[in-house]
Amino acid sequence: MTDMVLINTHAVIPASMVNGPGNRMVVFFQGCDRRCPGCFNPATHPLDVRCLYTPEEIFHRYFIEGIEGITVSGGEPFLQPEALYELLKAAKGRGLTTVVYTGFDYEDVSSDGPKRRVFDFTDVMVDGRFDIGRKEPTLLARGSTNQRLHFLNSIYRESDFLMPGKVEVIIGKDGRVMETGFGRAVPYLS
Ligand code: SF4
Numbered sequence: 041m042t043d044m045v046l047i048n049t050h051a052v053i054p055a056s057m058v059n060g061p062g063n064r065m066v067v068f069f070q071g072c073d074r075r076c077p078g079c080f081n082p083a084t085h086p087l088d089v090r091c092l093y094t095p096e097e098i099f100h101r102y103f104i105e106g107i108e109g110i111t112v113s114g115g116e117p118f119l120q121p122e123a124l125y126e127l128l129k130a131a132k133g134r135g136l137t138t139v140v141y142t143g144f145d146y147e148d149v150s151s152d153g154p155k156r157r158v159f160d161f162t163d164v165m166v167d168g169r170f171d172i173g174r175k176e177p178t179l180l181a182r183g184s185t186n187q188r189l190h191f192l193n194s195i196y197r198e199s200d201f202l203m204p205g206k207v208e209v210i211i212g213k214d215g216r217v218m219e220t221g222f223g224r225a226v227p228y229l230s
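Quick note on numbering: the sequence shown equals residues 41 to 230 in our numbering.
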C-alpha cells in the first residue's frame with residue numbers, strides 16, 4: 041500500500057552525478073539521533089516532521105526521465121523502515137537502481153526483520169556512521185574508513201562508484217544554490 045506510507049523528507053535533488061553511479065535522484069530522509077561529530081548534514085538531525093510525501097508524490101514532483109536510479113540518504117533512512125521499503129519498491133517498479141546510505145552497520149540491519157526487508161529492493165547499501173577520526177577524503181562515495189559498500193546483487197561493482205567529482209553545485213529555478221556530494225553537502229527542499 042505505497043500511497044498509505046508517508047516519508048518524513050528533508051530534501052530531494054532530482055538529478056545528481058555525485059551520489060552514486062550515473063545520474064540519480066537523491067532523497068534525504070529527515071531525522072537522525074546519533075549526532076556524529078562532523079556529520080555532513082546536521083540539518084537533517086531533528087526528528088520533527090518536515091515534509092511528508094508518499095513515494096508516489098516524490099516521483100510525481102521530482103522524477104526526471106533518464107535518471108539511472110535513486111540514492112536514499114539522510115538523516116537516517118532506517119528510522120523510517122516502512123517508508124524506506126515502499127520508496128525503494130516504487131523505484132524498482134520504475135526500473136531504477138537503488139543505493140541506500142545508513143548510519144547502521146550492515147550486521148545491525150540484517151539481524152532486524154523490519155529493516156532487513158529493505159534489502160529486497162536495495163542494490164547497494166553504504167553502512168556506518170561518519171567517524172571524523174577515520175575521515176578519508178580519497179574514499180569512493182563515503183567519508184570515513186569504517187563505512188563500507190555492500191553490493192547486494194550484481195548490478196553494480198565498486199568501480200561504478202567512480203564519480204566525476206566529489207561535490208556538485210546546483211542552482212535552483214529560484215536562484216538558490218545547493219551543494220551536495222562528499223566533503224560538503226547542504227541540500228534542502230525547494
Ligand atoms: S549517522 Fe549519519 S546522518 Fe546521522 S549523525 Fe551520523 S553521519 Fe550524520
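Idealized CB from N, CA, C, for every residue including glycine.
Is any heavy atom of the ligand SF4 found at a distance shorter than 7 Å from the C-beta of H85? Indexing the sequence shown from 1 puts residue 85 at position 45. Yes; taking the cut-off as 7 Å, the Cβ of H85 has a heavy atom of the ligand SF4 nearer than that.
Along the chain, where does the alpha helix (DSSP H) containing E96 start, and where does it finish? Here residue 96 corresponds to residue number 56 of the sequence shown, with the count starting at 1. 95-102 is the span of the alpha helix (DSSP H), which, as asked, contains E96.
Is the region 43-54 in contact with the region 67-75, if contact means three or more CB pairs nearer than 8 Å? yes
Under a three-way DSSP split, which group does A123 fall into? Within the sequence shown, the letter at position 83 stands for residue 123. Here A123 sits in helix by DSSP.
Sorry if obvious, but does the Cβ on F170 come closer than 7 Å to a heavy atom of the ligand SF4? The count along the sequence shown starts at 1 and reaches residue 170 at position 130. Answer for F170: yes, Cβ within range of the ligand SF4.
CB contact flag (V78, F170, <8 Å): Within the sequence shown, residue 78 is the residue found at index 38, counting from 1. Within the sequence shown, residue 170 is the residue found at index 130, counting from 1. For clarity, residue 78 is Gly in the given sequence; the question names Val instead. Yes, they are a contact pair.
Cβ neighbours of F161 in the same chain (closer than 8 Å, five flanking residues each side left out): Against the sequence shown, residue 161 aligns to sequence position 121. Closer than 8 Å at Cβ, skipping near neighbours: Y125, L128, K129, A131, K132, T138.
Quick check: the region 146-158 against the region 79-88, are at least 3 beta-carbon pairs closer than 8 Å? no
Give me the Cβ distance between F201 and D167, rounded to the nearest whole Å; I'm assuming they're in contact under 8 Å. Your numbering for residue 201 matches position 161 in the sequence shown. Your numbering for residue 167 matches position 127 in the sequence shown. That belief does not hold up - the Cβ atoms of F201 and D167 are roughly 14 Å apart, past 8 Å.
For N193 and G135, I'd like the C-alpha separation in whole angstroms. Here the question's residue 193 lines up with position 153 in the sequence shown. Here the question's residue 135 lines up with position 95 in the sequence shown. About 15 Å.
Give a yes or no on whether the C-beta atoms belonging to V45 and E122 are separated by under 8 Å. Along the sequence shown, read from residue 1 onward, the residue named residue 45 stands at position 5. Along the sequence shown, read from residue 1 onward, the residue named residue 122 stands at position 82. Their beta carbons are under 8 Å apart, which means V45 touches E122 by this criterion.
Near V149, which residues of its chain fall below 8 Å by C-beta distance, leaving aside the five closest residues on each side in sequence? The residue you call residue 149 lines up with position 109 of the sequence shown. So the list reads F118, T142, K155, R156, V158, F159, M165, D167, once near-sequence residues are dropped.
Excluding sequence positions up to five away, which residues of its chain have a Cβ less than 6 Å from the Cβ of N186? Locating residue 186 in the sequence shown gives position 146, counting from the first residue. Answer for N186: G168, D171, R174, listed in chain order.
Report whether the distance from the Cβ of N186 to the nearest heavy atom of the ligand SF4 is below 7 Å. Looking up residue 186 in the sequence shown gives position 146. Checking every heavy atom of the ligand SF4 against the Cβ of N186, none is found closer than 7 Å.
Spatial neighbours of N48 in its chain, beta-carbon cut-off 7 Å, leaving aside the 5 residues before and after: Residue numbering aside, residue 48 sits at position 8 when the sequence shown is read from its first letter. F69, Q70, G71, V89, R90, L92, Q120.
Count the other C-beta atoms from every protein chain shown that fall within 10 angstroms of the C-beta of H100, then say buried if there are 16 or more, exposed otherwise. Here residue 100 corresponds to residue number 60 of the sequence shown, with the count starting at 1. So H100 ends up on the exposed side.
Here's the rule: buried if 16 or more other CB atoms are within 10 angstroms of the residue's CB, otherwise exposed. What is I110? Here residue 110 refers to the residue found at position 70 of the sequence shown. Buried, by the Cβ-count rule.
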